[in-house]
Amino acid sequence: VAAPAQPQAASFQAWGPPSPELLAPARFALDMFNRGRAAGTRAVLGLVRGRVRRAGQGSLYSLEATLEEPPCKDTTVCRLPASKKTLLCSFEVLDELGKHVLLRKDCDPVDTKVPDSRNETFSSVLSLLNEDPLPQDLPVKMASIFKNFVITYNRTYESKEEARWRLSVFVNNMVRAQKIQALDRGTAQYGVTKFSDLTEEEFRTIYLNPLLREEPGNKMKPVKSVGDF
Amino acid sequence: APPEWDWRSKGAVTKVKDQGMCGSCWAFSVTGNVEGQWFLNQGTLLSLSEQELLDCDKMDKACMGGLPSNAYSAIKNLGGLETEDDYSYRGHMQTCSFSAEKAKVYINDSVELSQNEQKLAAWLAKRGPISVAINAFGMQFYRHGISRPLRPLCSPWLIDHAVLLVGYGNRSDIPFWAIKNSWGTDWGEKVSLAGLASGPPAAIL
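Taken in sequence, the protein lines are chains A and B.
Position in the first sequence (first residue = 1) + 27 = this note's numbering.
Position in the second sequence (first residue = 1) + 224 = this note's numbering.
Here's what the structure looks like:
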């Protein structure tokens, strides 16, 4: 059967030892986490849950894993002796033709997950999106962020249906922004902007310039050097 | 090229403008380049008219898009550019009402620069802001910081937005180009520059 054109979104598997499907990306993420650590100080993989989305020849694994850090008594490694510690980590691993790339790593000691102070409402809500099942108050949180957006950018919608549609576009865009964030290798922050209630198609059609791709335009002489007037 | 450069703090860049709901980025990228050239060659920073290009540049398509290379030859053929105040922006195409007598700036020619980033940096530092076209991937949700998409997203086949290179440098060892966009002052990174209490927002690529 031909693979479906759209990426498959598998549902989040329950916590447990890594399933065969998640084992390879989970181990890769653990190796990345332990990179540079001396023997005896490396964390060990605990429980894993996650889902995989396939598109073309790649798979994108969204994993949540507990890592057990060994106790640390060596003062050259940690200033204060530390007892055994459990970390809760979320990883995004891209697998393309068997080659793994770690797109995102986010670990915190269990129960002390600290949201990103600069974009707090955004990332904390998005982590809600990843919860399974979705928390009851998600719509409320989403609506409040959307309301802030409408007030900040002075948006008006012609009808309740339009407003409801725009809210759904807004939520979808928040997920897209998180994906773009995950793919970015710089320091850029992506999140709510004045374009957050536009679909990608609307944004592209209204604000961008496809001619740049399509037509060569008027041929200009190449400049010879910086000194060339 | 010097290790870093920023024309915004050297008076060669006008305030950030807003193309509105119109695909006229090409016009703003070109006027920004000509504004910089006129400042560096004549010593006066003038804010120039994009609406003139929307209305009178028949080679391009106003809000449906355009190419900087066409726009430069249109400016030459028309006989120059009027100022923003004389021919103010409307955000949609109108009947051409350009008047050569009112043109405040002219250009002799236009050239295509190297795509080598070192040479581009050298040219920018010596010659002024540069009109470039980029892939706007991610810019719909960009807030601030240095944007470094994965390489496949930098393919020339995905170019869809014209902006102005106004500087370059690096932050904690990440090199960047500073671009002046034309999506208004409520988009992009607000920076405080020496001499400018709160500089016009610009994106950092």
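We put the beta carbon where it would ideally sit given N, CA and C, even for glycine.
{"Item": "Distance, Asp-410 (chain B) Cα to Ala-190 (chain A) Cα", "Value": "22 Å"}
{"Item": "Contacts of Trp-381 (chain B) in chain A (Cβ-Cβ under 7 Å)", "Value": "Arg-240"}
{"Item": "Range of the contiguous beta strand (DSSP E) that encloses Arg-80 (chain A)", "Value": "71 to 82"}
{"Item": "Whole-angstrom distance between Phe-361 (chain B) and Leu-210 (chain A), CA atom to CA atom", "Value": "11 Å"}
{"Item": "Cβ-Cβ distance between Glu-308 (chain B) and Ser-273 (chain B) below 8 Å", "Value": "yes"}
{"Item": "Phe-322 (chain B) and Leu-302 (chain B) closer than 8 Å at C-beta", "Value": "yes"}
{"Item": "Neighbouring residues, chain B, relative to Asn-200 (chain A) (Cβ below 8 Å)", "Value": "Gln-364 and Phe-365"}
{"Item": "Proximal residues to Phe-176 (chain A) (C-beta, below 8 Å), its chain only, five neighbours per side dropped", "Value": "Arg-182, Phe-197, Val-219, Ser-223 and Asp-224"}
{"Item": "Option in A:Asp-122, A:Phe-118 and A:Val-128 with minimal Cα separation from Cys-134 (chain A)", "Value": "A:Phe-118"}
{"Item": "Cutoff 7 Å; reference Arg-395 (chain B); Cβ partners in own chain excluding five residues on either side", "Value": "Ile-370"}
{"Item": "Where Lys-174 (chain A) meets chain B, residues with beta-carbon distance less than 9 Å", "Value": "Ordered by position in chain B, no residue passes the 9 Å Cβ test against Lys-174 (chain A), which lies about 18 Å from the chain."}
{"Item": "Supposed close pair Asn-236 (chain A), His-385 (chain B) - CB separation, criterion 8 Å", "Value": "6 Å"}
{"Item": "Contacting positions in the stretch 273 to 292 of chain B - beta carbon closer than 8 Å to chain A", "Value": "Met-283, Asp-284, Lys-285, Met-288, Gly-289, Gly-290, Leu-291 and Pro-292"}
{"Item": "Within chain B, the residues that Gly-218 (chain A) reaches when beta carbons sit closer than 7 Å", "Value": "Phe-365 and Arg-367"}
{"Item": "Backbone CA spacing between Tyr-331 (chain A) and Arg-351 (chain B) [nearest angstrom]", "Value": "This structure gives no information on residue 331 (chain A), because the portion of chain A shown stretches from 28 to 256."}
{"Item": "Leu-305 (chain B) beta carbon less than 8 Å from that of Ile-299 (chain B)", "Value": "yes"}
{"Item": "N- and C-terminal bounds of the alpha helix (DSSP H) containing Glu-229 (chain A)", "Value": "227 to 234"}
{"Item": "Residue interval of the beta strand (DSSP E) (run including Tyr-313 (chain B))", "Value": "Per DSSP, Tyr-313 (chain B) belongs to no beta strand (DSSP E) and is neither H nor E."}
{"Item": "Between the CA atoms of Arg-131 (chain A) and Val-120 (chain A) - distance to the nearest angstrom", "Value": "7 Å"}
{"Item": "Nearest-angstrom beta carbon gap, Asp-230 (chain B) and Gly-391 (chain B) [assumed within contact, 8 Å]", "Value": "3 Å"}
{"Item": "Option in A:Glu-123, A:Gln-205, A:Leu-57 and A:Leu-94 with minimal Cα separation from Arg-367 (chain B)", "Value": "A:Gln-205"}
{"Item": "Per DSSP, cross-strand counterpart(s) of Asp-242 (chain B)", "Value": "B:Trp-407"}
{"Item": "Option nearest Thr-17 (chain A) by Cα separation, candidates A:Glu-96, A:Val-75 and A:Val-128", "Value": "Summary: the structure shown does not reach residue 17 (chain A), with chain A confined to residues 28 through 256, and so no result is reported for it."}
{"Item": "Burial state of Asp-279 (chain B) (16 or more Cβ within 10 Å)", "Value": "buried"}
{"Item": "Per-residue burial, Ile-383 (chain B) [other beta carbons within 10 Å of its own, 16 or more giving buried]", "Value": "buried"}
{"Item": "Where Val-335 (chain B) meets chain A, residues with beta-carbon distance less than 7 Å", "Value": "Met-247, Lys-248, Pro-249 and Val-250"}
{"Item": "At least 3 beta-carbon pairs within less than 8 Å: the stretch 253 to 267 of chain B vs the stretch 310 to 319 of chain B", "Value": "no"}
{"Item": "Ile-354 (chain B) beta carbon less than 8 Å from that of Leu-337 (chain B)", "Value": "yes"}
{"Item": "Proximity below 8 Å, CB of Leu-124 (chain A) to CB of Leu-94 (chain A)", "Value": "no"}
{"Item": "Ile-172 (chain A) in three-state terms, based on DSSP", "Value": "helix"}
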